[in-house]
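Novice: Each residue of the sequence shown is one higher than the one before, counting from 5 in the working numbering.
Positions of the beta carbon are idealized from the N, C-alpha and C atoms, including for glycine.
On a predicted model such as this, the values are computed, not experimentally measured, just so you know.
Following this message is one structure expressed as structure tokens.
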Amino acid sequence: MVVFTDLDGTLLNSRTYRFDEAREALDALQARGIPTVLVSSKTRAEMEPIRSQLRNGHPFIVENGGAVFIPAEYFLFPLPGTRASGPYRIVEFGTPYSLLRQALKEIERDIGLSLTGYGDLSADDVALRTGLSSEEAALAKQREYDEPFFIEGTHRVPPELAAAIRSRGLNWTTGDRCHHLMGPQDKGRAVRRLIQYYRQAARDHHHRLTTVAVGNSLNDLPMLAAVDRPILLQQADGVYAAGIDLPGLIRAPAPGPTGWNQAILSLLQ
Ligand SMILES: [Mg+2]
């Protein structure tokens, strides 16, 4: 088995960004040697300290599927199409951040909506809007493949904005706190690549692989659609995100790490 999990509002509490309530299930996975793969809209700079806190040495997926980071020597076979980067092999799916920034500002000018990206904000302003500390917000601003943005005055993406994004060959999705402008990546594409590697590893040991994913927002839908056992958690207000339905979808009856703990423990039983 391998478990892919979103962070904000899923493994991490949406307000405190802590994972204490999921401890029991995390330990149970570790005791069984089941990898937990973190899949987030967060940057590599934000995810590395969280991996350390979790004592997690598995691959991870950054910026809504913008890139997959695989510890070197993690898989014992060659990984064509990856390149070495520090202690990792990486697979890149995303569009360079500078192009996304330029597109966001052009779209803002063209359609006359006020769009505020992380690149327009200081770390302190990102902290104010997200509840991250200023230090964490500075890490959140170190973006490579995805620009989080707010639409001033509304939370819904109006059709003219969606059309302007698509006309530039770009994409958008919605996470827990804001929208994201990005290239051709999504969490599903990155997860499918890793599943391919985990399947090969399982085959080499004559095992069968079961894939699990846990998420809570629209940006998790492609990841949930890529696995055998998709699990949807409630959002912080106790309601499930709209527009997420899949065959076999398991709806956990709680939000955040509490729901995560219950869902994983009942899956392991
Ligand atoms: Mg989330």
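When the Cα atoms are used, what is the spatial distance from G263 to Q239?
Specialist: As a first step, residue 263 is located in the sequence shown; it is residue number 259 there, counting from the start. As a first step, residue 239 is located in the sequence shown; it is residue number 235 there, counting from the start. So the alpha carbons of these two residues sit roughly 10 Å apart.
Novice: In this structure, how does DSSP classify V195 when only helix, strand and coil are distinguished?
Specialist: What you label residue 195 is simply residue 191 of the sequence shown in a count that begins at 1. Of the three classes helix, strand and coil, the one that applies to V195 here is helix, per DSSP.
Novice: Please state whether DSSP places I169 in a helix, a strand or coil.
Specialist: Translated into positions along the sequence shown, residue 169 becomes position 165. Correct three-state label for I169: helix.
Novice: Alpha carbon to alpha carbon, how far is K109 from A167? Give it in angstroms, no decimals.
Specialist: Along the sequence shown, one-based indexing puts residue 167 at 163. Along the sequence shown, one-based indexing puts residue 109 at 105. If I take the Cα positions, the gap works out to 15 Å.
Novice: Is any heavy atom of ligand 1 found at a distance shorter than 7 Å from the C-beta of G179?
Specialist: Taking the first residue of the sequence shown as position 1, residue 179 is located at position 175. Relative to the non-hydrogen atoms of ligand 1, the Cβ of G179 comes within a distance shorter than 7 Å of at least one.
Novice: Using 8 Å as the cut-off, can you tell me whether the region 249 to 260 makes contact with the region 223 to 241, which would need three or more C-beta pairs spanning the two stretches below that distance?
Specialist: The region 249 to 260 makes contact with the region 223 to 241, as at least three CB pairs between them are under 8 Å.
Novice: Is any heavy atom in ligand 1 found nearer than 7 Å to the beta carbon of D3?
Specialist: Absent from the structure is residue 3, since the part of the chain shown begins at 5 and ends at 273.
Novice: When you compare only the Cα positions, how much space is there between A127 and L222?
Specialist: Taking the first residue of the sequence shown as 1, we reach residue 127 at position 123. Taking the first residue of the sequence shown as 1, we reach residue 222 at position 218. Going by the C-alpha atoms only, they are around 26 Å apart.
Novice: Taking the alpha-carbon positions, what's the V154 to V43 distance?
Specialist: Numbered from 1 along the sequence shown, position 150 holds the residue referred to as residue 154. Numbered from 1 along the sequence shown, position 39 holds the residue referred to as residue 43. One detail in the question is off: residue 154 reads as Phe in this sequence, not Val. Cα to Cα, F154 sits roughly 22 Å from V43.
Novice: Would you kindly work out how many angstroms separate the C-alpha atoms of Y92 and R170, rounded to a whole number?
Specialist: Reading the sequence shown from its first residue, position 88 is the one you call residue 92. Reading the sequence shown from its first residue, position 166 is the one you call residue 170. Spanning the two alpha carbons is a distance of roughly 32 Å.
Novice: Would Y202 and L185 be called neighbours here (beta carbons separated by less than 8 Å)?
Specialist: Residue mapping note: residue 202 aligns to position 198 of the sequence shown, counting from 1. Residue mapping note: residue 185 aligns to position 181 of the sequence shown, counting from 1. Not closer than 8 Å, so no.
Novice: Determine the contact status of A230 and I199, defining contact as a CB-CB distance below 8 Å.
Specialist: Here residue 230 is taken as the residue at index 226 of the sequence shown, counted from 1. Here residue 199 is taken as the residue at index 195 of the sequence shown, counted from 1. Their beta carbons are under 8 Å apart, which means A230 touches I199 by this criterion.
Novice: In chain order, what are the residue ranges of uninterrupted beta strand (DSSP E) at least 3 long that sit wholly in the region 52 to 100?
Specialist: 64 to 66, 71 to 75, 87 to 89 and 92 to 96
Novice: In whole angstroms, what is the alpha-carbon distance linking E151 and T120?
Specialist: For this step, residue 151 is matched to residue 147 along the sequence shown. For this step, residue 120 is matched to residue 116 along the sequence shown. Rounded to the nearest angstrom, the two C-alpha atoms are 10 Å apart.
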